[in-house]
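Chains as they are written, first to last, in the numbering used here: chain A, -4 to 414; chain B, -4 to 414; chain C, 13 to 367; chain D, 13 to 367. Where a beta carbon is used, it is the ideal one built from N, C-alpha and C, also for glycine. Being a predicted model, the structure only gives us computed values, none of them experimental. Worksheet: the structure to be examined is printed underneath.
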Amino acid sequence: MTDTKKKMPATPLLDKLETGPWPSFVTGLKRLANDEAKPYAPMMKDLLGQLEHSYETRKGYWKGGTVGVLGYGGGVIPRFSEVAEQFPASAEFHTLRIMPTAGMHYTTDVLRKMCDIWEEFGSGLIALHGQSGDIMFQGCTTANVQPAFDAFNELGFDMGGAGPALRTSMSCIGHARCEHSCYDEQRVHRMIINEFLDELHRPAMPYKFKFKFSGCANDCTNAVQRSDMAVIGTWRDDMKVDQAEVKAFVAKKGRSYVIDNVITRCPTHCLSLGDDDTLKVDNRNCVRCMHCINVMTKALEPGDERGVTLLLGGKRTLKVGDLLGTVIAPFLPLNTDEDYEYLTDLSRRTMDFFAENALEHERTGEMIERIGLINLLEGIGLPLDPNMVSHPRTNPYVRMDGWDEEVATQKALKNGGKS
Amino acid sequence: MTDTKKKMPATPLLDKLETGPWPSFVTGLKRLANDEAKPYAPMMKDLLGQLEHSYETRKGYWKGGTVGVLGYGGGVIPRFSEVAEQFPASAEFHTLRIMPTAGMHYTTDVLRKMCDIWEEFGSGLIALHGQSGDIMFQGCTTANVQPAFDAFNELGFDMGGAGPALRTSMSCIGHARCEHSCYDEQRVHRMIINEFLDELHRPAMPYKFKFKFSGCANDCTNAVQRSDMAVIGTWRDDMKVDQAEVKAFVAKKGRSYVIDNVITRCPTHCLSLGDDDTLKVDNRNCVRCMHCINVMTKALEPGDERGVTLLLGGKRTLKVGDLLGTVIAPFLPLNTDEDYEYLTDLSRRTMDFFAENALEHERTGEMIERIGLINLLEGIGLPLDPNMVSHPRTNPYVRMDGWDEEVATQKALKNGGKS
Amino acid sequence: MSARKPVECGVPDAVPYMHPLLTKNYGNWKWHERPRPGVLHHVAKNGDEVWTVRAGTQRQLDVGSVRKLCDIGDRFADGFIRFTVRSNVEYMVAKESQVAPLCKALTDAGFPVGGTGNSISMISHTQGWLHCDIPATDASGVVKALMDELHEEFVNERLPNKLRISSSCCEINCGGQADIAINMQHTKPPRINHDLVGNVCERPTVIARCPVAAIRPAMVNGKPSLEVDERKCMCCGACFAPCPPMMINDPEHSKIAIWVGGKHSNARSKPAFHKLAVANIPNNPPRWPEVAEIVKRIIHAYKDDAHDWERLGEWIDRIGWPRFFEATDLTFTKYHVDNWRGARASLNASSHVRF
Amino acid sequence: MSARKPVECGVPDAVPYMHPLLTKNYGNWKWHERPRPGVLHHVAKNGDEVWTVRAGTQRQLDVGSVRKLCDIGDRFADGFIRFTVRSNVEYMVAKESQVAPLCKALTDAGFPVGGTGNSISMISHTQGWLHCDIPATDASGVVKALMDELHEEFVNERLPNKLRISSSCCEINCGGQADIAINMQHTKPPRINHDLVGNVCERPTVIARCPVAAIRPAMVNGKPSLEVDERKCMCCGACFAPCPPMMINDPEHSKIAIWVGGKHSNARSKPAFHKLAVANIPNNPPRWPEVAEIVKRIIHAYKDDAHDWERLGEWIDRIGWPRFFEATDLTFTKYHVDNWRGARASLNASSHVRF
Ligand code: SRM
Ligand code: SRM
Ligand code: SRM
Ligand code: SRM
Ligand code: SF4
Ligand code: SF4
Ligand code: SF4
Ligand code: SF4
Ligand code: SF4
Ligand code: SF4
Ligand code: SF4
Ligand code: SF4
């Protein structure tokens, strides 16, 4: 075929990104473009050409469209070039979002198989991973999207989310390799996402909905800021303190180090160091921030009664400005199967409520602002808790004539209400 | 006259407020009502009657109106009874707001003269003082308002503020009896208010405008929350530390007391206690909160380079919810006459800007919300300072194409700009 | 009526009215201490000393009481008197020996000595039924009843820090922010006297005054009047002042709410607004016992648990709101969750949770 | 094209893909330490140990690079690999002795070992000109250029705490909040290609998308189009995605802004948004030197002055913003003062001032 004769474009600007200690994506792109034996070589030559053109003109040249696979409504990000005349071989450069395992674990074997598939049907360019947690196979013609997906699917992998739908999720490594982990992130991640694959594969919501799973308050998946539903591990009983290890730590680091880096850094000042170098914890006041445990990883540990805190509404900038998630459930235990079921049901109720009540292109965080936290809680059937606020209202601008009934309700809930 | 035969009303409810250790205003009212020799006796009998009626029915029975004195547009709070048929003698019960000295100092002599005047023309009821700082002579017939005012005026006192006008101000005792005082509150209080008596006596603003003067950050006049323009004393150089007194204090109270009550309570953690019981202060980080000085009043003292911080916009609940004042000038020196003049001019500029730009019934705090702090600063000619914010913006929703000019302006101001 | 023009003299010079020792040492004080509750001892840089004795008053004073205070001033304090921003009276004396007799004279005359330091001072006082045109409750009565109950905390200094109380007889809150604020809270929309609206009210002004735009112009039986959208109205009463026929005050439905954690000083923490603790308390003259009971409960919880120098709100910030509601046996309700402008800022945007 | 129905298998079970030691000790880890930058040493409750070696990648990987990573995994790590949420690769090994050779192999292959603990990890990466339909700058190039400059801080652990950087090629901010965020900031309203609007854009959708309601429908030379009120428009670009003819991207006027102090973790302080540090930096491919210069300045100020464990934003909270601007030699401007919804909450409502 004539394509093989295609010349490498001149890329004086991109070439400047081949020097320096950090691995260069440009070098990678060139490697692909020079893979003359491979079907994607011409595509990647033109891709380099278009990218160089972008660097020259400081403008992007992709536009969207509609491309998908049989049976699914989303998961492919279609890209058509606006400068296809100049760069015909990369006129179509779609991305397939494929969901990895929870925790992004691979065998070299499965990774190699993915490479083989992507060499056959795609560009040979793979992003590990997208910010939402997908494997992004980037650079596919419209014609090859279906066969490429079929191959990945046969390999045991499924399409990720895109558009106004449930999105691909991320969980931290947690249980697999982290002593701080307060719940089985992989189990919950798979339980939730795999329960709602229809919501994920067939966009039918007002806007995107994301889950993220972090095993503790360190929030290694950025769940609070970057997901609608943040599932954060925590514990309800007392933190575990190994006083021998505390003493050892103090002996090793010195008292003043411990005071300056642990005691005085507790956000609620609930730590004190005894004269005998033992640590006292005011557990009622501990807000499970993880700091002291982070510093004294050998001596301190979350308690035994573990579960999760749920926050709803995190998102980025469109269109009200960034929003953080806020607490909708201070603690849900995760011991029995019923506990896991409850979390699944609650997730369903939340997504249903979102689907029914959010305006078009409105995220959960914006919805909460518009309808108020109370209406949300009532809508999804979660009990009220003072932990949901930093402080009660400072203004009298509310109609309170339902006060007595409300007090009765809350008291009743307290004596016997779940959560 | 027949009024003297008037009987005391039965006040079973009010009578319950005559017991207990706290001085009883009811007993006082009865004393006046029983002062048969005095012209106000009948009025006070009916006042007690109406008040008892309010206690029975849990409702108020006063309505406003318009009553004033010659030459002034405000200062009298007119009250007409809605139940005058039952209580004719207190059908008119107006209040005269009279401004006391800055700091509310009196000789017994002048107080007695005020009593005499109020016996002659009023009800004999005096409130010392109203929340804005006025002496409130409460209970005057429309006919007696003018002669009463004339008499107070002859005594050297003037009418206070009311309505959409500059209001009566308050200053803390400060220089007169407080070691924390960072500026001459009385001088500034009188300088400002007496400069703008026209604005005070002749309501012509969109809404009320209040000044309050506190000699330090303890803010004993509640200036930040309760005045449009809060004038708070502070210092720019280093705090004064008398290390001998520090040692003495530590010796007396013990190290742990000092650590728990001073060192660890500094909001910016800029205090440290040396092993030799001397105190180190990171003055660049000290936010002049006053706490350590409050605790160690003998050992610590504000620095020598004193002046004021100005905040604008404090107010109560109508109609956006309570607002705190926010910093519009981090530091204005108050040494030379020019410094004092600058403060007066700035006050004028601020009131003029308010008069021209506020909507009807809008306070300065609401105006700032509506137009933005920057427009206010430009309008009154104050330089920008990072101390005016707790933190810079967190959203990108602003048009920044004037960036370079703005940076140039700010740099220029920094090298040589007043503030 | 005299045609006299006012002498526009403004705020009088204080010097002629100030105790000579204060004038002499004006701006030159060095330090102070509190030898006993109600007494301050200030020392000037030159060594001069002045003792201040503070006593509580009813604020709404009859001339008889004022003269009584003057008599005491003449006998013990060189004929000088001042009042604090909280309506307490203060006498300055030059010799420590004068302190005790002065305290005794005040106490005998019925003016409790105290209010200094870490005590409860006089409640910041408003007008209520005695004089205001819009109050739903009294002010002087509430203050008197409560100060009777809190008297022990006024004459002693045994709290963690100052505790300031305010009370306001409508939602406007002239009493201001406070560690504990006792404010009127209406719970039903205004009933409208349609016969009067037309004549009494500037309708556009009233409509503009409503924070939630719940008021519409309307014709009611032929007359121009106003109507309220009851789903929007949150019963603030802002419409009542400009338009008395919009009757917001109700003997039954105008309730009392208690707010906690307000702070004016910049000491340690920044000034803060008070937050809702409990509402729907009956407006129960002449002594408002339900209010006193709850206020004392809050004060005791604070007294038992707070650290020295912690103000009420700073204490709650440390222990957290869940524990505040436990310690005071009050109930957290949906009404505590803000839904006014900027409400989101009050939500817990973190996994910081207390169990 | 095949008519194959998808097997809706969802997220695969990780067990078959996890290193056996992780599977064996799943949920039973006891503690960890960091023997050297880029290496984690985790110990299980039963005493099992695993060493993790972390290395940086370009994220946008060609199959050749992926296979290279696989080769290394086969040679040193039992054929298992994982990737972190920041696109770093991680290998788990059972014996400490394997750590050094593994690190060498990675370094030799051009994958820098580091990114652990108090270092700068990989920049959270977006699409840019390589693939997105709305970017005003590139992503991969910005990341590569910056990581070259910051390489030393990736392979060492010598900062006060973790430092996370994100970059986003439009104001949408897919890169997310970070200690330092490098984001596109448009400075001019969109230019409208009126010939296309009619056919390409759902006009009501576009109008609804504008945060400040600056877009109006309009007829332009006979065609239905849109017009922008330039006094309202704050150049966010939200209208561009739904309506490409609203050309917001501009080689000259689409600038870069740098934000600081974002935080996700709940450790110590609550999660926080990043705040504006400086804007109007030229969008200058291929290496964006102006950005790198400022980012390094900020990092050095932080490195010099912050306490251990203080994140960038926590450090600024302690020293105050005035000093941050001094230390970084950046200028505080009117654009730093928020005027968006709830702006008041960011004003200094106290007399707390630093000199
Ligand atoms: C690919 C990816 C960046 C990357 O290179 O990693 C990405 C790329 C796009 N994002 Fe994103 N977002 C990506 C993660 C995120 C994240 C991070 C996260 O998920 O943790 C966020 C912030 C969290 C959030 O959900 O708010 C994010 C917030 C957005 C937004 C703003 C949403 C909002 O409510 O503010 C948009 C705009 C929209 O959806 O209309 C958006 C839209 C887009 C679009 C679809 C632009 C568009 O509207 O056409 C981009 C497609 C680029 C392309 O050609 O593939 N992207 N986007 C990430 C998804 C890869 C993956 O599936 O793993
Ligand atoms: C008398 C006094 C209470 C007292 O017994 O001490 C008082 C009484 C009234 N205040 Fe006040 N306010 C008084 C100090 C305050 C304060 C405290 C202060 O000045 O430090 C405030 C809070 C600070 C502030 O300015 O916001 C205050 C905030 C208000 C407001 C709400 C203003 C706002 O913007 O939110 C109103 C409503 C209005 O002005 O329309 C108001 C209105 C009123 C009116 C005029 C009711 C009305 O609109 O008809 C009251 C007249 C009562 C009467 O019959 O005399 N009063 N008012 C205080 C004035 C006495 C004096 O001159 O010394
Ligand atoms: C006399 C008075 C000023 C005046 O011109 O009238 C005054 C006088 C003093 N105040 Fe004050 N304050 C006075 C009202 C206030 C107020 C306003 C109020 O009560 O509404 C505040 C703000 C309260 C708040 O934050 O809500 C106030 C907050 C302080 C503070 C800060 C306390 C704190 O830690 O937050 C101090 C510092 C201290 O207590 O050492 C202080 C300290 C002082 C000192 C010790 C200053 C000094 O060295 O002389 C004075 C004696 C205080 C005492 O009672 O022990 N003063 N002080 C006021 C007495 C009111 C009363 O009769 O109770
Ligand atoms: C591998 C990874 C999870 C994963 O599933 O991929 C991970 C792993 C660990 N994190 Fe993390 N964190 C990971 C992303 C994050 C993120 C998210 C991010 O980077 O965007 C955060 C939030 C950052 C933020 O707040 O903006 C994060 C905030 C933390 C913290 C809190 C630090 C703090 O003081 O604020 C800790 C505690 C600590 O450092 O001891 C932590 C601690 C840890 C520990 C020590 C947990 C453990 O005991 O194993 C792990 C090794 C950390 C290290 O690098 O030294 N991890 N960690 C992620 C590695 C990303 C990378 O390649 O750089
Ligand atoms: S979020 Fe917590 S549990 Fe998960 S990896 Fe990070 S530190 Fe470990
Ligand atoms: S986890 Fe956080 S809040 Fe709890 S004790 Fe440790 S540092 Fe304090
Ligand atoms: S505000 Fe400061 S200066 Fe004025 S009286 Fe109070 S403590 Fe003294
Ligand atoms: S005045 Fe306040 S901020 Fe300054 S050192 Fe003392 S306690 Fe700290
Ligand atoms: S609080 Fe309301 S009712 Fe009471 S005096 Fe002020 S305005 Fe009048
Ligand atoms: S009570 Fe308040 S909310 Fe209701 S109508 Fe009147 S002003 Fe509006
Ligand atoms: S930040 Fe903007 S331009 Fe970059 S990938 Fe996300 S949506 Fe596209
Ligand atoms: S750029 Fe943003 S503000 Fe301007 S018109 Fe478009 S959407 Fe509206």
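Problem set entry | Under 8 Å by beta carbon: chain D residues contacting G158/A | Under the 8 Å cutoff, chain D gives no residues; its nearest Cβ is about 12 Å from G158/A.
Problem set entry | Residues that R66/D bridges to, as DSSP identifies them | DSSP, once it has assigned bridges, lists E102/D as partnering R66/D.
Problem set entry | Assumed close pair M39/A, L24/A - CB separation to whole angstroms, cut-off 8 Å | Sure, about 6 Å apart at Cβ, within 8 Å.
For this session: Please confirm whether any heavy atom of ligand 9 lies closer than 6 Å to the CB of C144/C.
Result: At least one heavy atom of ligand 9 is nearer than 6 Å to the Cβ of C144/C, so yes.
Exercise. Which runs of the alpha helix (DSSP H) fall wholly inside the segment 82 to 156 of chain A and span at least 4 residues, in chain order?
Worked result: Within the segment 82 to 156 of chain A, the complete alpha helix (DSSP H) runs of at least 4 residues are 103 to 116, 137 to 149.
Exercise. Name the chain B residues whose beta carbon is nearer than 8 Å to that of D316/D?
Worked result: Residues of chain B with a Cβ closer than 8 Å to the Cβ of D316/D do not exist, since the nearest Cβ in that chain sits about 15 Å away.
For this session: Could you work out which residues of chain D lie near G273/C, taking near to mean beta carbons separated by less than 9 Å?
Result: Going along chain D, no residue has its Cβ under 9 Å from G273/C, so there is no contact; the nearest lies around 15 Å.
For this session: Kindly indicate which residue of G68/C, Q189/C, W333/C has the alpha-carbon position closest to the one of V125/C.
Result: Measuring from the Cα of V125/C, the nearest candidate turns out to be G68/C.
Exercise. Nearest-angstrom Cα distance between S164/B and T96/C?
Worked result: The straight-line gap from Cα to Cα measures roughly 14 Å.
Exercise. Since N351/C sits in a beta bridge, which residues does DSSP pair it with?
Worked result: For N351/C, no pairing in a beta bridge is given by DSSP.
For this session: Tell me, please, which residues DSSP counts as bridged to I227/C.
Result: Paired residues: V240/C.
For this session: Classify H198/D as buried or exposed, calling it buried when 16 or more other Cβ atoms lie within 10 Å of its own Cβ.
Result: Label assigned to H198/D: buried.
Exercise. Does ligand 1 have a heavy atom nearer than 6 Å to the CB of S127/A?
Worked result: S127/A has its CB nearer than 6 Å to a heavy atom of ligand 1.
Problem set entry | Within 7 Å, strictly: CB atoms of M104/D and H100/A | Contact check for M104/D against H100/A fails: the beta carbons are separated by 7 Å or more.
Exercise. Is the Cβ of G316/B closer than 7 Å to any Cβ of chain G?
Worked result: Considering every chain present, this structure includes no chain G. Its protein chains are A, B, C and D.
Exercise. Counting pairs of Cβ atoms below 8 Å between the segment 140 to 153 of chain C and the segment 45 to 63 of chain B, do you hit three or more?
Worked result: Touching, yes, given that three or more Cβ pairs across the two stretches are closer than 8 Å.
For this session: Would you verify that the beta carbon of G367/B is, or is not, closer than 7 Å to some beta carbon of chain D?
Result: Closer than 7 Å to some Cβ of chain D, the Cβ of G367/B qualifies, so yes.
For this session: Answer yes or no: the CB of H184/B versus the heavy atoms of ligand 3, is any distance below 6 Å?
Result: No.
For this session: Kindly give me the distance between the Cβ atoms of G85/C and V167/C, rounded to whole angstroms, as I take these residues to be in contact under 8 Å.
Result: Not confirmed; about 21 Å, so no contact.
Exercise. Distance, Cα to Cα, M(-4)/B vs A32/B?
Worked result: A caution first: M(-4)/B carries a pLDDT of 45, below 50, which makes its placement in the model too unreliable to give a value.
Exercise. When you check each C-beta in the segment 314 to 340 of chain C against every C-beta of chain D, which residues fall closer than 7 Å?
Worked result: Within the segment 314 to 340 of chain C, no residue has a Cβ that lies closer than 7 Å to any Cβ of chain D.
Exercise. How would you call P298/C, buried or exposed, if buried means at least 16 neighbouring beta carbons within 10 angstroms?
Worked result: Buried, since its Cβ has 16 or more Cβ neighbours within 10 Å.
Problem set entry | I328/C and F337/C closer than 7 Å at C-beta | No, Cβ-Cβ distance for I328/C and F337/C is not below 7 Å.
Exercise. Going by DSSP, which residues form a beta bridge with A56/D?
Worked result: Partner residues in the beta bridge of A56/D, as assigned by DSSP, are W41/D.
For this session: Look at the alpha carbon of E296/B and the alpha carbon of P28/C, and state the distance between them as a whole number of angstroms.
Result: Taking the straight line joining both Cα atoms gives about 29 Å.
For this session: Measure the beta-carbon distance from R92/A to G70/A and round it to whole angstroms, keeping in mind my assumption that it falls under 8 Å.
Result: Their Cβ separation, rounded to whole angstroms, is 5 Å, which keeps R92/A and G70/A in contact under 8 Å.
Exercise. By DSSP, does D10/B sit in helix, in strand, or in coil?
Worked result: DSSP places D10/B in helix when its eight states are reduced to three.
For this session: Using DSSP bridges, identify the partner residues of M224/A.
Result: Per DSSP, F206/A, L307/A.
For this session: Would you give the residue range spanned by the alpha helix (DSSP H) that F337/C belongs to?
Result: Start and end: 333 to 339.
Exercise. Just checking my contact of S133/D with N100/D at CB under 8 Å: how many whole Å lie between their CB atoms?
Worked result: Indeed they touch by this definition, with Cβ atoms about 7 Å apart.
For this session: Could you list which residues in chain D have their beta carbon closer than 7 Å to that of N256/A, in chain order?
Result: Chain-order list of chain D residues neighbouring N256/A: D320, W321, by C-beta distance under 7 Å.
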